[in-house]
Structure formats: C-alpha cells, structure tokens
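S.K.: Sharing a structure, written as structure tokens. Questions coming.
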Amino acid sequence: MDNLTPRDVYLGQGEKIKRIRETIKQNSINKRISENKRMILQHK
14 MDNLTPRDVY LGQGEKIKRI RETIKQNSIN KRISENKRMI LQHK
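So the sequence shown is numbered by this note's numbering: it starts at 14 and just counts up by one.
See below:
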C-alpha cells in the first residue's frame with residue numbers, strides 16, 4: 014500500500030520513502046500557508 018513498489022518494500026526502503034514523502038508534504042503545506050498569508054497582507 015502507500016503507493017510503494019514491491020521492490021522498495023523488499024529492499025527495506027518503504028519507511029524511508031514514507032518519511033521523505035511526509036517531509037515534502039509538510040513543506041508544501043507550510044509553503045502554501047506562507048503564500049496565503051502573504052497574499053492576505055498584500056491585499057490589506
């Protein structure tokens with residue numbers, strides 16, 4: 014599951030890939046929040 018390839022799971026890279034994806038996801042969310050705050054401040 015979690016959109017991992019069987020090869021990744023077999024080689025034991027599943028957890029590492031999940032952590033990397035979670036970091037990317039959190040960075041994307043933080044960037045979006047920051048951009049939204051900036052847009053709000055510009056329109057005041």
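All C-beta atoms, glycine included, are put in the ideal place defined by N, C-alpha and C.
Taking 8 Å as the cut-off, decide whether the C-beta atoms of LEU17 and ILE30 are in contact.
M.R.: Yes, these two residues count as a Cβ contact at 8 Å.
S.K.: Note down the Cα distance separating GLU28 from ASP21, rounded to an integer number of angstroms.
M.R.: Distance between the alpha carbons of GLU28 and ASP21: 9 Å.
S.K.: I'd like the span of the alpha helix (DSSP H) that includes LEU54, first residue to last.
M.R.: Residues 27-55.
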